[in-house]
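Peer 1: Chain order of the listed sequences is F and Z. What the first sequence shows, in this note's numbering, is residues 1 to 417, in sequence order. What the second sequence shows, in this note's numbering, is residues 418 to 498, in sequence order.
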Amino acid sequence: MLPENKQRVVITGLGVLSPIGIGKEDYWKALLQGKSGIGPVTRFDTSSFDSKIAGELKDFAPEQFLDRKEIRRMDRFAQFGVAAAKLAVGDAALEIDKENPEDIGVVMGSGIGGIETLCDQHNILLTKGPNRISPLFIPMIISNMAAGQIAISLGLKGPNITVVTACASGTNAIGEAYLMLRRGAAEVILAGGAEAPIVPVAMAGFCSMKAMSTNNDEPQRASRPFDRNRDGFVISEGAGVMVLETLGHASARGARIYGEVAGYGCTADGYHITAPEPEGAEAARAIRIALEDAGISPDQVDYINAHGTSTGLNDKIETMAIKKVLGDHAYRTPVSSIKSMIGHSLGAAGALEAIACALSISTGWVPPTINYEQPDLECDLDYVPNQARQCPVRVAVSNSFGFGGHNGVLVLKKFEG
Amino acid sequence: MADLSDQAIFEKVRSIIVEQLGVEENAVALETSFEALNADSLDIVELIMALEETFGMEIPDEDAEKILTVGAAVEYIKANS
Chain F
1 MLPENKQRVV ITGLGVLSPI GIGKEDYWKA LLQGKSGIGP VTRFDTSSFD
51 SKIAGELKDF APEQFLDRKE IRRMDRFAQF GVAAAKLAVG DAALEIDKEN
101 PEDIGVVMGS GIGGIETLCD QHNILLTKGP NRISPLFIPM IISNMAAGQI
151 AISLGLKGPN ITVVTACASG TNAIGEAYLM LRRGAAEVIL AGGAEAPIVP
201 VAMAGFCSMK AMSTNNDEPQ RASRPFDRNR DGFVISEGAG VMVLETLGHA
251 SARGARIYGE VAGYGCTADG YHITAPEPEG AEAARAIRIA LEDAGISPDQ
301 VDYINAHGTS TGLNDKIETM AIKKVLGDHA YRTPVSSIKS MIGHSLGAAG
351 ALEAIACALS ISTGWVPPTI NYEQPDLECD LDYVPNQARQ CPVRVAVSNS
401 FGFGGHNGVL VLKKFEG
Chain Z
418 MADLSDQAIF EKVRSIIVEQ LGVEENAVAL ETSFEALNAD SLDIVELIMA
468 LEETFGMEIP DEDAEKILTV GAAVEYIKAN S
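(1) With a threshold of 16 other CB atoms inside 10 Å of the CB of F/GLN387, please say whether the residue is buried or exposed.
(2) Take F/ILE141 as the anchor and find which of F/CYS167, F/GLY81, F/PHE77 and F/ALA185 has the nearest alpha-carbon.
(3) With a threshold of 8 angstroms between beta carbons, is Z/GLN384 in contact with chain F?
(4) With a threshold of 8 angstroms on Cβ separation, who are the neighbours of F/ALA204 within its own chain once the five nearest residues in sequence on each side are excluded?
(5) Flag this pair as yes or no: are the beta carbons of F/GLY81 and F/ALA146 separated by less than 8 angstroms?
(6) Just to confirm my understanding: we take F/ILE370, look at its own chain, exclude 5 residues before and 5 after, and list those with CB closer than 7 angstroms. What are they?
(7) Taking 7 angstroms as the limit between beta carbons, can you name the residues of its chain near Z/ASP423, skipping five residues before and five after?
(8) Based on DSSP bridge pairs, tell me the residues matched to F/GLN390.
(9) Does DSSP put Z/LEU559 in a helix, a strand or coil?
(10) Please list the partners that Z/GLU463 has in chain F, where partner means a Cβ-to-Cβ separation under 8 angstroms.
(11) So, for F/GLU260: in the same chain, excluding its five sequence neighbours on each side, which residues have a beta-carbon less than 6 angstroms away from its beta-carbon?
(12) Buried or exposed: which applies to F/TYR331, given that a residue is buried once 16 or more other Cβ atoms fall within 10 Å of its Cβ?
(13) Straight-line CA distance for Z/ILE433 to Z/ASP478?
(14) For F/MET209, which residues of its own chain have a beta-carbon under 8 angstroms away from its beta-carbon, when the five flanking residues on both sides are left out?
(15) Using the DSSP secondary-structure output, state which residues sit across from F/THR162 in a beta bridge.
(16) When DSSP labels each residue in this structure, what does F/GLY402 get in the three-state scheme?
(17) Tell me the DSSP secondary structure of Z/PHE427 in three-state form.
(18) At a CB-CB cut-off below 7 angstroms, which residues of chain F make contact with Z/LEU459?
(19) On a CA-only basis, which of F/GLU95, F/GLN149 and F/ALA168 is nearest F/PHE401? Give me that one, please.
(20) Among residues of its own chain, excluding the 5 on either side of F/THR162, which ones have a beta-carbon nearer than 6 angstroms to its beta-carbon?
(21) Straight-line CA distance for F/ALA283 to F/GLY404?
(22) Looking at the C-beta of Z/MET474, does it have a partner C-beta in chain F at a distance below 8 angstroms?
(23) Look up F/GLY238 in the DSSP assignment and say whether it is helix, strand or coil.
(24) Please classify F/PRO40 as buried or exposed, where buried requires at least 16 other C-beta atoms within 10 Å of its C-beta.
(25) In this structure, how does DSSP classify F/TYR331 when only helix, strand and coil are distinguished?
(26) Output the boundary residues of the beta strand (DSSP E) element that contains F/SER18.
(27) To the nearest angstrom, report how far apart Z/LEU485 and Z/GLU452 are at their CA atoms.
(28) At 8 angstroms on the CB atoms, spell out the chain F contacts of Z/LEU438, in chain order.
(29) Helix, strand or coil for F/TYR264, going by three-state DSSP, please let me know.
(30) For Z/ALA490, name the three-state secondary structure that DSSP assigns.
(31) Span of the beta strand (DSSP E) holding F/TYR303?
(32) Any chance the segment 310–317 of chain F sits against the segment 218–234 of chain F, with 3 or more Cβ pairs inside 8 angstroms?
(33) Any chance you could list the alpha helix (DSSP H) runs of at least 4 consecutive residues sitting entirely within the segment 182–252 of chain F, in chain order?
(34) Given that a residue counts as buried once 16 or more other Cβ atoms are within 10 Å of its Cβ, and exposed if not, what is Z/VAL430?
(35) Should F/ARG76 be flagged as near chain Z, meaning a C-beta pair shorter than 8 angstroms?
(36) Quick one: using the 10 Å Cβ neighbour count with 16 as the cut-off for buried, is F/ILE198 buried or exposed?
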């Protein structure tokens with residue numbers, strides 16, 4: 001329940017760069033078709049890697065969004081962030097030159113920032129020495145640069161921060177933006193996440209942890225959240241940005257509203273650097289806090305967009321956490337993981353998933369969990385197997401759980417005035 | 418590199434500038450200043466590094482500070498490579 005002096009926060013624009021489509025229309029269409037964006041890695045030679053598959057962007061042309069000099073000065077993660085931000089602003093029909101730029105902020109999430117540039121320049125350090133390191137190296141690799149470059153590109157002067165919580169970054173970024181708008185720190189915030197992690201050292205690191213699927217012969221079937229034969233996540237890249245506005249600002253300019261950000265929960269497991277706490281207690285508490293913040297009781301939840309990474313541990317423990325909060329209602333609530341189609345884009349994942357929730361609310365459809373073939377006794381909920389489903393969604397919950405035990409949950413609601 | 422004609426040096430310098438500053442070839446003439454091409458301090462450092470790499474030379478900072486136009490770069494390279 002919001003005290004009277006707190007602003008309501010609505011979603012007015014969506015920008016997407018994903019392995020299944022660029023732009024919200026293609027993205028949503030592909031999600032509802034159950035299309036997989038996973039394939040063999042093309043960006044480098046994976047012959048000596050255990051996992052050889054990923055969700056790469058197809059046909060992303062940075063020149064459509066940036067000029068040549070800007071492209072040169074940005075690691076791909078920042079290019080993705082700026083492109084998604086521009087798509088979101090266009091989708092929102094937000095005319096920045098008619099706004100006060102001090103009222104428009106940016107909150108982005110990224111797990112690792114400019115890791116590709118870091119690796120490339122490190123090679124130069126080793127082969128040519130320190131005097132050949134680019135003067136652009138530092139500004140290109142630091143994780144705040146997606147948010148910084150968005151502000152530079154669009155001339156935005158409102159509060160500008162970056163949230164880093166590994167795989168929960170995108171969710172936490174939107175949550176923190178929601179809190180900033182609620183307390184009146186800005187009128188508009190571009191919020192989301194961007195990640196470009198498909199580089200050899202990152203891939204190798206995840207492989208060494210035995211966290212990734214090695215189903216290299218059938219890439220499109222590899223990401224199989226909640227399925228009994230799941231064997232790890234599939235890494236991917238991309239960006240998602242939402243235009244969030246105070247309700248007052250959105251109404252004044254007659255903006256189209258996808259839905260409302262109604263609640264946000266943020267907890268920590270305080271348990272292990274990678275493994276989720278085995279009872280899912282803090283994950284459950286993040287869901288509970290988000291629902292209480294939204295003034296929604298658990299039995300009013302219509303759809304849950306799961307973190308659903310396709311790892312043995314996450315999918316089992318997330319299922320437990322959902323049941324802890326929803327009780328019997330969990331069995332009547334569709335729960336799907338779009339990572340089955342777009343893979344795990346780390347810091348961008350939470351944003352891409354919140355966008356899917358906004359679209360589920362505004363269209364009355366929920367995307368499927370594809371590759372669901374054999375139920376797992378420990379994952380016994382309705383995961384919307386394989387086919388999208390028409391299903392009015394008034395309340396959607398989006399979960400994200402990051403390495404380090406970071407639990408982020410958003411509650412999105414249909415805007416009813 | 419000492420055998421390169423003035424024109425050849427200019428063309429190499431121009432192609433580096435076009436690539437780094439994202440400008441068109443016809444915007445780059447001998448008398449063009451880097452300031453006119455909207456080069457900031459990071460651009461200048463990068464340009465000097467690229468010239469060092471391409472022409473196999475070192476350009477100390479105090480010399481680099483004086484290279485303010487395309488022509489000055491060409492002259493410097495001719496005199497020092």
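C-beta: ideal position from N, C-alpha, C; glycine also.
Peer 2: By the coordinates alone:
(1) Here the question's residue 387 of chain F lines up with position 387 in the first sequence. It counts as exposed.
(2) Position 141 of the first sequence, counted from the first residue, corresponds to residue 141 of chain F. The shortest Cα separation from F/ILE141 among F/CYS167, F/GLY81, F/PHE77 and F/ALA185 belongs to F/PHE77.
(3) In the structure as shown, chain Z begins at 418 and stops at 498. Residue 384 of chain Z is therefore absent and cannot be evaluated.
(4) Looking up residue 204 of chain F in the first sequence gives position 204. Closer than 8 angstroms at Cβ, skipping near neighbours: PHE49.
(5) In the first sequence, residue 81 of chain F corresponds to position 81, counting from 1. In the first sequence, residue 146 of chain F corresponds to position 146, counting from 1. Yes, Cβ-Cβ distance for F/GLY81 and F/ALA146 is below 8 angstroms.
(6) On the first sequence, position 370 is the one that residue 370 of chain F refers to. Contacts found: GLY34, SER36, SER340, MET341 and ASN386.
(7) Residue numbering aside, residue 423 of chain Z sits at position 6 when the second sequence is read from its first letter. Contacts found: VAL491 and LYS495.
(8) The count along the first sequence starts at 1 and reaches residue 390 of chain F at position 390. Its beta-bridge partners are F/TRP365.
(9) Since the displayed chain Z opens at 418 and closes at 498, residue 559 of chain Z lies outside it and no answer follows.
(10) Here residue 463 of chain Z is taken as the residue at index 46 of the second sequence, counted from 1. Result: SER134, PRO135 and LEU136.
(11) Taking the first sequence and counting its residues from 1, one reaches residue 260 of chain F at position 260. The residues are VAL10, LYS413 and PHE415.
(12) Your numbering for residue 331 of chain F matches position 331 in the first sequence. With fewer than 16 Cβ atoms within 10 Å of its Cβ, F/TYR331 is classed as exposed.
(13) Residue numbering aside, residue 433 of chain Z sits at position 16 when the second sequence is read from its first letter. Residue numbering aside, residue 478 of chain Z sits at position 61 when the second sequence is read from its first letter. Taking the straight line joining both Cα atoms gives about 19 angstroms.
(14) Taking the first residue of the first sequence as 1, we reach residue 209 of chain F at position 209. Correct list, in chain order: THR274.
(15) Sequence index remark: in the first sequence, residue 162 of chain F carries index 162 (1-based). Beta-bridge pairing links F/THR162 to F/MET108.
(16) Within the first sequence, residue 402 of chain F is the residue found at index 402, counting from 1. Reduced to three states, the DSSP call for F/GLY402 is strand.
(17) Position 10 of the second sequence, counting from 1, holds the residue named residue 427 of chain Z. Z/PHE427: helix per DSSP, three-state reduction.
(18) Looking up residue 459 of chain Z in the second sequence gives position 42. What Z/LEU459 touches in chain F: PRO135 and LEU136.
(19) The residue you call residue 401 of chain F lines up with position 401 of the first sequence. If we check each option's Cα against that of F/PHE401, F/ALA168 comes out closest.
(20) By 1-based counting over the first sequence, the position of residue 162 of chain F is 162. Excluding sequence neighbours, F/THR162 sits near MET108, SER143, ASN144 and ALA147.
(21) One-based indexing of the first sequence puts residue 283 of chain F at position 283. One-based indexing of the first sequence puts residue 404 of chain F at position 404. Cα to Cα, F/ALA283 sits roughly 13 angstroms from F/GLY404.
(22) Translated into positions along the second sequence, residue 474 of chain Z becomes position 57. No, no contact with chain F.
(23) Counted from its first residue, the first sequence places residue 238 of chain F at position 238. It is a strand residue.
(24) Taking the first residue of the first sequence as 1, we reach residue 40 of chain F at position 40. Looking at its Cβ environment, which holds fewer than 16 other Cβ atoms inside 10 Å, F/PRO40 is exposed.
(25) Counting from one through the first sequence, the residue named residue 331 of chain F turns up at place 331. Residue state, collapsed to three classes: helix.
(26) Indexing the first sequence from 1 puts residue 18 of chain F at position 18. 9–18 is the extent of the beta strand (DSSP E) around F/SER18.
(27) Counting from one through the second sequence, the residue named residue 485 of chain Z turns up at place 68. Counting from one through the second sequence, the residue named residue 452 of chain Z turns up at place 35. When rounded, the distance between both Cα atoms is 8 angstroms.
(28) As a first step, residue 438 of chain Z is located in the second sequence; it is residue number 21 there, counting from the start. Result: LYS69.
(29) Indexing the first sequence from 1 puts residue 264 of chain F at position 264. Strand at F/TYR264.
(30) By 1-based counting over the second sequence, the position of residue 490 of chain Z is 73. In this structure, Z/ALA490 counts as helix in the three-state DSSP scheme.
(31) Position 303 of the first sequence, counting from 1, holds the residue named residue 303 of chain F. Element bounds for F/TYR303: 303–305.
(32) yes
(33) 200–208, 219–222 and 247–252
(34) Position 13 of the second sequence holds residue 430 of chain Z. Counting Cβ neighbours within 10 Å, Z/VAL430 comes out buried, since at least 16 surround it.
(35) Locating residue 76 of chain F in the first sequence gives position 76, counting from the first residue. It does not: the Cβ of F/ARG76 has no partner Cβ on chain Z nearer than 8 angstroms.
(36) By 1-based counting over the first sequence, the position of residue 198 of chain F is 198. Answer is buried; the Cβ neighbour count reaches 16.
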